[in-house]
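K.L.:
Residue numbers (our numbering): 241 to 530.
1) Alpha carbon to alpha carbon, what distance is there between residue 483 and residue 540?
2) Per DSSP, residue 477 is paired with what?
3) Go to residue 290, then tell me how far its alpha helix (DSSP H) extends in each direction, as first and last residue.
4) Grab me the residues of residue 380's own chain with a C-beta within less than 8 Å of its C-beta, minus the 5 sequence neighbours each way, in chain order.
5) Which ranges would you report for the beta strand (DSSP E) in the stretch 412-473 if only whole runs of at least 3 residues count?
6) Go ahead and pull the three-state DSSP assignment for residue 495.
7) Three or more C-beta pairs under 8 Å: does that hold for the stretch 261-271 against the stretch 291-303?
8) Where residue 443 and residue 399 are concerned, what is the direct C-alpha to C-alpha distance, given to the nearest angstrom?
9) What's the call for residue 330, buried or exposed, on a 16-neighbour Cβ count within 10 Å?
10) With DSSP run on the structure shown, which of helix, strand or coil describes residue 405?
11) Is residue 408 closer than 8 Å to residue 547 when the C-beta atoms are compared?
12) Applying the 10 Å Cβ sphere with the 16-neighbour rule, what's the burial state of residue 458?
13) Looking only at C-alpha atoms, which of 378, 313 and 360 sits nearest to residue 286?
14) Answer yes or no: do residue 434 and residue 486 have a C-beta to C-beta separation smaller than 8 Å?
15) Go to residue 352, then tell me how far its beta strand (DSSP E) extends in each direction, as first and last residue.
16) With burial defined as no fewer than 16 other Cβ atoms inside 10 Å of the residue's Cβ, what is the status of residue 309: buried or exposed?
17) Compare the Cα-Cα distances from residue 445 to each of 427, 432 and 472 and report the closest residue.
18) Measure the CB-CB distance between residue 289 and residue 368 and report whether it falls below 8 Å.
19) So, with DSSP's three-state summary, where would you put residue 379?
20) Starting from residue 203, trace the beta strand (DSSP E) both ways and give me its first and last residue.
21) Going by DSSP, what residues sit across from residue 360 in a beta bridge?
22) Quick check on residue 368: does DSSP put it in helix, strand or coil?
23) For residue 501, count neighbouring Cβ atoms within 10 angstroms of its own Cβ and tell me buried if that reaches 16, exposed if not.
24) Have a look at 507, 346, 307 and 284 and flag the residue whose alpha-carbon is nearest the alpha-carbon of residue 261.
25) Cutting at 8 Å between CB atoms, please list the residues of its own chain near residue 243, excluding the five before and the five after it.
26) In the DSSP assignment, the alpha helix (DSSP H) including residue 256 goes from what residue to what residue?
27) Report yes if the C-beta distance between residue 293 and residue 354 is below 8 Å; otherwise report no.
28) Here's a check: name, in chain order, each residue in its chain whose Cβ is nearer than 6 Å to the Cβ of residue 326, leaving out the five neighbours to either side.
29) So, for residue 455: in the same chain, excluding its five sequence neighbours on each side, which residues have a beta-carbon less than 6 Å away from its beta-carbon?
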């Protein structure tokens, strides 16, 4: 047996060396770029996460193109002999191809981007990153209108977008339609209380009314429908336990939603407490609608 049979082609060695150099160089450059974007920061804003995503995507694209150019000559020589292998791989990598197809669908439909809040298959979160195979999210509370992060990071295969609808909650940008119930024991005269609550909500709405009306009109034109709002909507219904539920729906900045809910709830309870001075005291409770 000739020792030369075990010799490695010099061109192959050169390609391997160039590939390693490109991988190391791009990896180091990517880490430096990300570090400069977040010098010592532990909590990232949505804008920072979006910038980091674009930087990583750019470096990954450069890396892929560089490796492809290095091995392109060898790949061309192998294409004709890979037909049967390709068919087998298609069968064996069905899920992988579905993930790539899901990425193509997301890109073509522009259904969401980094920083958007989406809900898919019962999972709700803020998109932090996506690539050919998967989409990463920071989980939000699953209930409608929940604004807090749960602290969990979720990675979804892109194939899910082929079979499940995607709901993008950031069509309203930094505003949300926030609904909540204030459940109390029955009162003798509910209509005056309902009227007072409506006036109180209108007063709180006045502080951001101009921006809310402009955004609501813009969304109506974009979607071609007349969405609820932007004025607050106050209604009254009963629960299964024979209590009264005052439902408030606000079109408000999402950063103020919880403060507005707390303020309106406390104001209503104080109002009912004042009215109860002339009646037997009643017990009140507040819950978030399911």
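Note that beta-carbon positions come from the ideal geometry of N, C-alpha and C, so glycine has one too. Treat the numbers as computed from the prediction; the structure is a model and nothing was measured.
P.N.:
From the atom records:
1) Residue 540 is absent from the structure shown; the chain starts at 241 and stops at 530.
2) In the chain shown, the residue the question calls residue 477 occupies position 237. Answer by DSSP bridge pairing, in chain order: 485.
3) Here the question's residue 290 lines up with position 50 in the chain shown. Residue 290: member of the alpha helix (DSSP H) spanning 286-318, first to last residue.
4) Counting from one through the chain shown, the residue named residue 380 turns up at place 140. Result list for residue 380: 357, 364, 365, 366, 386, 387, 388, 389 and 390, in chain order.
5) 415-424
6) Against the chain shown, residue 495 aligns to sequence position 255. Note: residue 495 maps to coil in three-state DSSP.
7) yes
8) Here residue 443 is taken as the residue at index 203 of the chain shown, counted from 1. Here residue 399 is taken as the residue at index 159 of the chain shown, counted from 1. If I take the Cα positions, the gap works out to 47 Å.
9) If you number the chain shown from 1, residue 330 lands on position 90. So residue 330 ends up on the exposed side.
10) Within the chain shown, the letter at position 165 stands for residue 405. Three-state DSSP puts residue 405 in coil, outside helix and strand.
11) In this structure the chain extends from 241 to 530, so residue 547 is not present and cannot be described.
12) As a position in the chain shown, residue 458 is number 218, starting the count at 1. Taking all protein chains in view, the Cβ of residue 458 is surrounded by fewer than 16 other Cβ atoms within 10 Å, so the residue is classified as exposed.
13) Sequence index remark: in the chain shown, residue 286 carries index 46 (1-based). Ranking the options by Cα distance to residue 286, first place goes to 378.
14) Position 194 of the chain shown holds residue 434. Position 246 of the chain shown holds residue 486. Result yes, Cβ atoms of residue 434 and residue 486 sit closer than 8 Å.
15) To locate residue 352, count along the chain shown from 1; it is residue 112. Segment: none, residue 352 is in no beta strand (DSSP E) and carries neither H nor E.
16) Residue numbering aside, residue 309 sits at position 69 when the chain shown is read from its first letter. Under this definition residue 309 is an exposed residue.
17) Locating residue 445 in the chain shown gives position 205, where the first residue counts as 1. Of the listed residues, the one whose Cα sits closest to residue 445 is 472.
18) As a working mapping, residue 289 is identified with position 49 in the chain shown. As a working mapping, residue 368 is identified with position 128 in the chain shown. Between residue 289 and residue 368, the C-beta spacing is below 8 Å.
19) The residue labelled residue 379 in the question sits at position 139 within the chain shown. Strand.
20) One cannot answer for residue 203 here, as it falls past the ends of the chain, which runs 241 to 530.
21) For the purposes of this step, residue 360 is identified with residue 120 of the chain shown, where counting begins at 1. Residue 360 is bridged to 363 and 406.
22) As a first step, residue 368 must be located in the chain shown, where it is residue number 128. Looking at residue 368 - three-state DSSP - the assignment turns out to be strand.
23) Numbered from its first residue, the chain shown carries residue 501 at position 261. By the Cβ-count criterion, residue 501 is buried, with 16 or more other Cβ atoms from all chains shown falling within 10 Å of its own Cβ.
24) Taking the chain shown and counting its residues from 1, one reaches residue 261 at position 21. When only C-alpha atoms are compared, the closest one is 307.
25) For the purposes of this step, residue 243 is identified with residue 3 of the chain shown, where counting begins at 1. Per-residue confidence for residue 243 stands at a pLDDT of 45, beneath the threshold of 50, marking its modelled position as unreliable; the derived number appears in the next sentence. Closer than 8 Å at Cβ, skipping near neighbours: no residue.
26) On the chain shown, position 16 is the one that residue 256 refers to. Taken as a continuous stretch (DSSP letters only), the alpha helix (DSSP H) holding residue 256 covers 250-277.
27) Position 53 of the chain shown, counted from the first residue, corresponds to residue 293. Position 114 of the chain shown, counted from the first residue, corresponds to residue 354. Against a cut-off of 8 Å, the Cβ pair of residue 354 and residue 293 comes out as a contact.
28) Locating residue 326 in the chain shown gives position 86, counting from the first residue. Shown here for residue 326: not one same chain residue has a beta carbon closer than 6 Å to its own, the five before and five after excluded.
29) Counting from one through the chain shown, the residue named residue 455 turns up at place 215. Closer than 6 Å at the Cβ level, and outside the excluded window around residue 455, lie 415.
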